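Going down the list, the sequences are from chains F and W.
Numbering that gives the first Met the number 0 applies: residue 0 is where the first sequence begins, and numbers increase by one.
Numbering that gives the first Met the number 0 applies: residue 0 is where the second sequence begins, and numbers increase by one.
Backbone N, C-alpha and C fix where the C-beta goes; we use that ideal spot for every residue, glycine too.
Note that the structure is a prediction, hence the values are computed from the model and not measured.
Protein chains: 2
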Amino acid sequence: MPKPVVPEAQRRRRRPTRSGTVLSEELIVETALRMLREHGSTGLTARRLGLALDADPSTLYRYFRGMDDLTLAIGDALIGQALEGWAPTGQWRHDLREVGLRIHAAYVSHPQAAVLTASRVTGRANELAADEAVLDILRGAGFPLRDTVRIYHAFIDQTLAFAALDAASLALPSAALDADEDKWHSTYARLPADRYPRIAEAARLLTARMVTSAYPTALDMLLDSVDRQRPRRAAVSPERF
Amino acid sequence: MPKPVVPEAQRRRRRPTRSGTVLSEELIVETALRMLREHGSTGLTARRLGLALDADPSTLYRYFRGMDDLTLAIGDALIGQALEGWAPTGQWRHDLREVGLRIHAAYVSHPQAAVLTASRVTGRANELAADEAVLDILRGAGFPLRDTVRIYHAFIDQTLAFAALDAASLALPSAALDADEDKWHSTYARLPADRYPRIAEAARLLTARMVTSAYPTALDMLLDSVDRQRPRRAAVSPERF
DNA sequence: CGCATAAGGTCAATGGCGTTGGCATAAGGA
DNA sequence: TCCTTATGCCAACGCCATTGACCTTATGCG
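Printed below as a string of structure tokens:
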């Protein structure tokens with residue numbers, strides 16, 4: 000049986016580390032986010048995190064069951080950060096769009112962390128709050144339960160999928176050793192036009208466009224589709240007459 | 000300077016390993032795919048792969064520059080497998096849909112491998128061929144270069160993004176130790192209805208739906224959008240009259 | 001106010017990992 | 001048949017996460 004982890008809410012004794020810093024779940028997650036940004040998505044290790052916190056690596060196991068548990072906490076922090084200060088306006092389309100863009104932006108602003116967490120289900124507080132919020136927007140807009148769940152599924156998966164993909168390509172260049180960095184220039188831009196005529200003719204445009212995200216476009220397409228399926232009031236809308 | 004890697008095409012001497020098996024790039028990738036399926040996405044290690052091949056782990060470095068290079072080769076094999084036997088029909092929408100579904104299906108059929116590779120740019124032969132094919136479909140349909148590149152970007156990113164996300168959730172249950180497996184049942188289905196009313200009312204539908212992929216729907220939405228932007232011939236299409 | 005308790009920090013060790021440099025051997029061209 | 005060198009093997013290095021035992025000190029109770 001490993002050491003039990005005390006939930007943050009029940010911590011009483013806050014014993015400072017050898018060098019005087021007082022640990023907390025929040026401080027550890029913040030430090031981990033900083034390390035990920037500085038050392039890349041593979042640069043978060045228990046040893047280094049301990050070093051950065053001036054604590055023994057094994058101390059982390061007083062706060063998290065393991066590195067995976069810490070990873071989930073990091074992911075939940077990103078979601079929390081995404082919806083910090085957000086409040087629904089009651090206009091479902093605007094609210095949904097805002098939630099999607101905020102979540103996507105939060106992940107993309109911490110790409111190295113997002114790579115580790117975007118496709119995980121944390122089951123922690125902030126994730127639950129976000130899910131509840133999306134479902135509430137749709138239910139509040141009058142969608143029946145089945146449609147709500149279907150739309151929620153497409154919406155959240157599309158958001159997380161693009162967040163993960165965009166984060167992955169942003170995270171690679173920071174780890175300068177990863178050779179993927181300039182593969183578009185070193186490989187795609189130099190292909191022989193006789194064997195790859197279509198790539199060759201598009202190379203310049205490709206290298207320019209592939210660095211941007213296709214998420215906003217895809218999101219609006221989804222919202223358009225949702226709008227068309229939305230339950231209307233009995234009255235016919237005025238524009239028709 | 001590390002040992003140089005001899006390209007597969009130039010290999011002359013095929014010296015058998017101690018136990019008699021003859022190595023090749025293809026055999027190594029196949030074995031790696033099998034190990035990934037059996038041991039999960041974190042179960043591919045140089046030592047284990049060497050064991051499975053009856054070869055010393057360091058031998059792998061005669062074929063790949065490192066585990067990362069091997070990972071890219073695995074990804075390229077998935078793309079190759081996706082388009083194996085495929086040929087364009089000349090109907091752009093049908094062809095594009097087929098390519099998307101094939102790539103998605105290939106990744107999802109090797110989820111543990113897909114997790115490692117779906118968001119990587121390999122720059123290898125099969126990837127280049129797939130990109131060339133997609134660009135050719137769009138150019139052949141008459142799209143100008145700029146539109147072609149824009150559509151290609153949205154199409155390929157959406158395909159890979161969903162492939163990565165769907166693969167990730169499929170890969171987790173196989174590694175039975177990962178606790179994410181039944182988080183939907185252990186957490187979401189048991190939330191208190193007073194704090195999470197929307198999740199609670201949708202729990203049953205959510206657990207049923209979240210195991211399926213939203214990709215086909217999203218793909219058709221994209222194709223609809225593309226269809227509306229397609230350049231028409233000068234003549235007005237017959238249905239209008 | 002002081003003491004017992006146990007929370008929480010530290011230490012040392014284990015077994016795994018990727019990777020490398022040196023070495024041995026046998027394949028295949030001459 | 002011999003030489004060259006491609007290719008397999010070995011041993012070692014410095015990482016990694018994780019654990020169990022130990023120590024120390026903050027806290028709550030009497």
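(request) State the DSSP-derived secondary structure class of Trp-85 of chain W, mapped to helix, strand or coil. (result) coil
(request) Check the C-beta distance from Val-21 of chain W over to Arg-33 of chain W and give it rounded, since I have them as a contact under 8 Å. (result) Contact flag wrong, Cβ pair sits at about 17 Å.
(message) Spatial neighbours of Tyr-106 of chain F within its chain, please: C-beta separation below 7 Å, excluding the five flanking residues on both sides.
(response) If we look at Tyr-106 of chain F and ignore the five residues flanking it on each side, its Cβ neighbours are Leu-77, Ala-113, Ala-117, Ala-162, Ala-166.
(request) Spatial neighbours of Leu-43 of chain W within its chain, please: CB distance less than 7 Å, with the 5 preceding and 5 following residues excluded, ordered by chain position. (result) Ala-31, Met-34, Leu-35
(message) Just to check my reading of the structure: Ala-45 of chain W and Leu-59 of chain W have Cβ atoms closer than 8 Å, yes? What is that Cβ distance to the nearest angstrom?
(response) 6 Å
(request) Answer yes or no: do Ala-201 of chain F and Val-148 of chain W have a C-beta to C-beta separation smaller than 7 Å? (result) yes
(message) Tell me the rounded alpha-carbon separation between Arg-101 of chain F and Gly-49 of chain W.
(response) Spanning the two alpha carbons is a distance of roughly 45 Å.
(message) Between His-38 of chain W and chain F, is the shortest Cβ-Cβ distance under 7 Å, so that the two count as touching?
(response) At a cut-off of 7 Å between C-beta atoms, His-38 of chain W does not count as an interface residue with respect to chain F.
(request) Return the residue from the list F:Asp-94, F:Ala-153, F:Arg-145, F:Leu-222 that minimises the CA-CA distance to Ala-132 of chain F. (result) F:Asp-94
(message) Mapping the DSSP letters down to three states, classify Val-4 of chain W as helix, strand or coil.
(response) coil
(request) Leaving aside the five residues before and after Tyr-151 of chain W along the sequence, list all residues of the same chain whose C-beta is less than 7 Å from its C-beta, in chain order. (result) For Tyr-151 of chain W, where only same-chain residues beyond five positions count, the Cβ hits under 7 Å are Val-133, Leu-134, Leu-137.
(message) Classify Glu-126 of chain W: buried if its beta carbon has 16 or more other beta carbons within 10 angstroms, exposed otherwise.
(response) Buried is the call here.
(message) Please report the straight-line C-alpha distance between Leu-164 of chain F and Arg-17 of chain W, rounded to a whole angstrom.
(response) 42 Å
(message) Cβ closer than 8 Å: which chain F residues qualify as neighbours of Phe-142 of chain W?
(response) None at all; the shortest Cβ gap to chain F is about 11 Å.
(message) So for Tyr-195 of chain W, helix, strand or coil by DSSP?
(response) Reduced to three states, the DSSP call for Tyr-195 of chain W is coil.
(message) Quick check on the burial criterion: 16 or more other C-beta atoms within 10 angstroms. Buried or exposed for Pro-110 of chain F?
(response) buried
(request) Would you please verify whether the beta carbon of Asp-135 of chain F is less than 7 Å from any beta carbon of chain W? (result) It does; some Cβ of chain W falls within 7 Å.
(request) Give the range of the alpha helix (DSSP H) segment to which Ser-248 of chain W is assigned. (result) The structure shown does not extend to residue 248 of chain W, since chain W is modelled only from 0 through 240, so no value can be given for it.
(request) Give the residues from the segment 105 to 138 of chain W that approach chain F closer than 7 Å (Cβ to any Cβ), ordered along the chain. (result) Ser-118, Arg-119, Val-120, Gly-122, Leu-127, Asp-130, Glu-131, Leu-134, Asp-135, Arg-138
(message) Please identify the residue among F:Ser-168, F:Ala-192, F:Ser-185, F:Leu-218 whose C-alpha is closest to the C-alpha of Ser-242 of chain F.
(response) What is shown of chain F runs 0 to 240, which leaves residue 242 of chain F out entirely.
(message) Excluding the 5 residues flanking Glu-104 of chain F on each side, which residues of the same chain have their C-beta closer than 8 Å to its C-beta?
(response) Here the sequence assigns Ala to residue 104 of chain F, which means Glu is not the residue at that position. Excluding sequence neighbours, Ala-104 of chain F sits near Ala-81.
(request) Mark Asp-223 of chain W as exposed unless 16 or more other C-beta atoms lie within 10 angstroms of its C-beta, in which case mark it buried. (result) exposed
(message) How far does the alpha helix (DSSP H) with Glu-117 of chain F in it extend, from its first residue to its last?
(response) The sequence shown places Ala at residue 117 of chain F, not Glu. Run containing Ala-117 of chain F: none; DSSP gives neither H nor E here.
(message) Counting only Cβ pairs nearer than 7 Å, list the residues of chain F close to Glu-200 of chain W.
(response) Leu-144
(request) In angstroms with no decimal places, state the Cα-to-Cα distance between Thr-88 of chain F and Tyr-214 of chain W. (result) 30 Å
(message) For a cutoff of 7 Å on Cβ pairs, would you count Leu-164 of chain W as touching chain F?
(response) yes
(request) Measure the Cβ-Cβ separation of Asp-75 of chain W and Arg-119 of chain W and say whether it is below 7 Å. (result) No, the Cβ-Cβ distance between Asp-75 of chain W and Arg-119 of chain W is not below 7 Å.
(message) Are the CB atoms of Gly-141 of chain W and Pro-230 of chain W within a distance shorter than 7 Å?
(response) Result yes, Cβ atoms of Pro-230 of chain W and Gly-141 of chain W sit closer than 7 Å.
(request) Report the rounded CA-to-CA distance for Leu-218 of chain F versus Arg-96 of chain F, giving the unit in angstroms. (result) 7 Å
(request) Could you check how far apart the C-beta atoms of Leu-69 of chain W and Met-220 of chain F are, in whole angstroms? I think they sit under 8 Å. (result) Actually they are not in contact, since the Cβ atoms of Leu-69 of chain W and Met-220 of chain F sit about 37 Å apart, beyond 8 Å.
(message) Measuring only the C-alpha atoms, how far is Leu-159 of chain F from Pro-143 of chain F?
(response) In this structure, the alpha-carbon of Leu-159 of chain F lies about 24 Å from that of Pro-143 of chain F.
(request) Rank F:Ala-86, F:Tyr-62, F:Arg-145, F:Pro-191 by C-alpha distance to the C-alpha of Ala-128 of chain F and give the top, closest one. (result) F:Ala-86
(message) Considering only their Cβ atoms, is the gap separating Ile-198 of chain F from Leu-204 of chain F smaller than 7 Å?
(response) No. Outside cutoff.
(request) Closer than 7 Å by beta-carbon distance: list the chain F residues that pair up with Thr-186 of chain W, in chain order. (result) Gly-122
(request) Check the Cβ-Cβ distances between Leu-59 of chain F and every residue of chain W, and say whether any is below 7 Å. (result) no
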